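According to this note's numbering, the sequence shown is numbered sequentially starting from 16.
Cβ atoms here follow ideal geometry from the backbone N, Cα and C, with glycine treated the same way.
Source: prediction; values computed, not measured.
Below: the structure, in structure tokens.
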Amino acid sequence: MATLWELCRKELIDNLQTATLPVLYETLKGEGKDGMRKVELELLNRLEVLMTKKQEEENRDEFFEDIISTQFPECLDVSPDEETSIEQNTDQKMSQELMKILVDYRSANSEGNLSLKIMCTHRLMDFYQRSKEFDMFFKCIHKLSDLHLECGCFTEAALALKVHADNHEWKEDVRLEEFLIFPTQTEWERKEALCLKIIEHFNEGKEWEMALLLCNELMEQYKQKKQFRKLAEIMHKQGNLYEAILDKTRQPPTYFKVSFYGKGFPQYLKDEVLVYRGQELETLAGFTSRICTQFPTVKVIYKNGRPDDEILKSDGQHIQICTVLPISEDADEFIQSFNEDTQAYYRINNVEKFSFNRPFHRGEKDPKNEFKTLWLERTTQTVENKFPNILRWSRIVKDEKIELPPIVNAIEMICSKNKELQSKVDDYAPLMKSNASQLSMVLNGVIDANVNGGIANYQSAFLSPEYLEENPKDEEKVEELKEALIEQSNILNDGLKIHEYYVNESLRPFHDKMMLMYSAMKISIETGKPMELDLLSSMNNTLSARSMSMPGG
């Protein structure tokens, strides 16, 4: 069988190659039920060759598809019973699927597109897992991990290897054969080697909490085996990881929803809608540029909403990208017990739900106060696999939309600003910063917005007696809005007290101006009456005469 296969693969003239194929067909017929299985095994054994072949050899592989699609049904005719026929038909479909994935992989490999190579490698992983070809499955896991390392995605590389490690047990009486970089060793030794490599990659990816879980697992094993040298080493690693959590800074990644439209994309990517885990603090513009580099001919759709049929049916490539916000499933009480950086880690990890908002006006828009008619369409999407996972992206499997009325929209905007403000105030509370520049900007931004129409707009839109008369069911929402404004006032008050600590001579006029504006804002919130803008303007002019200046640091 193998000899005939190699004969078919030689660089022969077309007529000779065509003449050789019937010999293989007749051999398969003679094999009967086992014929398809042998072909599948030959395909598996030549996986690495197919994946690294040059594109110009593509025509030489068309005989694979010829065998599978036109000749295998003839082989199946020898089946003595219906059950065997069904088995062979299933094998045929599996072989066709494998061939398609291999062709897609080679195409991605020739284009040098790492994202497509990762997608095809993952498809191969899935195929081998379903077909229970575990050696090939583990090879693909390591290939996937290597591709992630090539992209600098250390966390995903670690999680890919963890799939391999999780398939082994801590057994010393089971010996495993040599595999890739691993020598012949016990299953215990293989799992240990994998865990140490995974910890290394987790550390590089700043996923220190995940690394700690594996450290704990190794510690228990070393304790049981009384391997105290290794126990000391892993405890030292553990200490370094805890110090990293406490002392090192890690910025949260940004998440993006990406929709692929057009026939120019590979079939497995066409019309897909995925959520991508971006890089640390990556902007929408930066991410879009990165995607366009991977797909040089792609055209970006800048409007949200489903594109028209012309784009959907086009022969080109079109992508639609927007930022989405992760929805944390960890309880706020649990998160609040950590420092700011660790809180951010928990908010953007172990997430499977994301949302994005589309503001719109319903009814006649008030040119003097748009808050009155400003509704919010919120889309919440659930992905197939939680982040982080073995891929940098995940398919959206559930899509829900709700509409939030203007008063709820207003409450959410204020509460969101309150969280941002409180976080910055807490950051400065220990009085350990070298300057107050960031605190100054945040305090001034909130106060200035409120004084210049923010509070007055909320009051006229939702806090007037007329609003409750027209919307009696919103009484609780009105109280929520009032409480949110009061909370903001209290946070600002705390922030200004901390800001006072940093005030020097050059900063004094700026601080005094903020105090003046805050006082007017506080009175307005407490009384429900508009701010005395004329008086505020007069006092502000007095401060200007004292050469008020913005802080430079």
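Residue i and residue j closer than 7 Å at C-beta
i: Leu-289; j: Trp-408; result: yes
i: Ala-476; j: Lys-387; result: yes
i: Trp-390; j: Phe-371; result: no
i: Ala-208; j: Phe-217; result: no
i: Leu-246; j: Cys-210; result: no
i: Thr-397; j: Lys-368; result: yes
i: Tyr-276; j: His-183; result: no
i: Thr-199; j: Glu-193; result: yes
i: Asn-124; j: Lys-132; result: yes
i: Trp-203; j: Glu-215; result: no
i: Leu-496; j: Ile-426; result: yes
i: Ser-504; j: Lys-537; result: yes
i: Leu-640; j: Ile-213; result: Because the chain is modelled from 16 through 568, residue 640 falls outside the range shown and cannot be assessed.
i: Gln-294; j: Ile-316; result: no
i: Asp-509; j: Val-440; result: yes
i: Cys-155; j: Leu-129; result: no
i: Ile-470; j: Ser-539; result: yes
i: Thr-136; j: Lys-158; result: yes
i: Thr-395; j: Glu-415; result: yes
i: Val-273; j: Tyr-291; result: yes
i: Leu-113; j: Phe-142; result: yes
i: Ile-422; j: Lys-328; result: no
i: Asn-472; j: Asn-384; result: yes
i: Arg-205; j: Phe-197; result: yes
Residue i - containing beta strand (DSSP E), residue span
i: Thr-574; result: The shown model of the chain, from 16 to 568, leaves out residue 574, and the question about it has no answer.
i: Tyr-270; result: 268–276
i: Thr-397; result: 389–402
i: Leu-289; result: 288–295
i: Lys-528; result: Unbroken run through Lys-528 is the alpha helix (DSSP H), 523–542; no beta strand (DSSP E).
i: Lys-314; result: 314–316
Continuous alpha helix (DSSP H) stretch holding residue i: start and end
i: Asp-324; result: 324–327
i: Ile-417; result: No alpha helix (DSSP H) holds Ile-417; the beta strand (DSSP E) holding it covers 408–419.
i: Met-134; result: 129–145
i: Met-234; result: 223–240
i: Ile-405; result: Careful: Ile-405 lies outside any alpha helix (DSSP H) and carries neither H nor E.
i: Leu-159; result: 149–166
i: Ala-180; result: 169–181
i: Leu-299; result: 299–309
i: Ala-444; result: Taken as a continuous stretch (DSSP letters only), Ala-444 belongs to no alpha helix (DSSP H), as it is neither H nor E.
i: Val-457; result: 452–464
i: Phe-280; result: It is not in any alpha helix (DSSP H) - Phe-280 carries neither H nor E in the DSSP assignment.
i: Leu-261; result: 243–262
i: Ser-475; result: 470–477
Beta bridge counterpart(s) of residue i as assigned by DSSP
i: Gln-200; result: Leu-191
i: Lys-368; result: Ile-342 and Thr-397
i: Phe-375; result: Trp-390
task: Evaluate the contact criterion for the stretch 264–278 versus the stretch 358–373: three or more CB pairs, one atom per stretch, below 8 Å.
output: yes
query: Is the stretch 214–225 touching the stretch 159–178 in the sense that three or more CB pairs, one from each, lie closer than 8 Å?
result: yes
- request: Indicate whether the contact test is met: 3 or more Cβ pairs, each with one atom in the stretch 442–458 and one in the stretch 422–434, closer than 8 Å.
  value: no
- request: Say whether the stretch 453–469 touches the stretch 514–530, bearing in mind that this needs 3 or more beta-carbon pairs closer than 8 Å, one atom from each stretch.
  value: yes
query: Looking at C-beta atoms only, is the number of pairs between the stretch 133–150 and the stretch 291–306 that lie closer than 8 Å three or more?
result: no
- prompt: Does the stretch 278–298 come close enough to the stretch 251–261 to have 3 or more Cβ pairs within less than 8 Å?
  reply: no
message: What ranges does the alpha helix (DSSP H) occupy inside the stretch 486–517, keeping only unbroken runs of at least 4 residues that lie completely in it?
response: 490–516
Contact between the stretch 481–497 and the stretch 526–533 (3+ Cβ pairs under 8 Å): no
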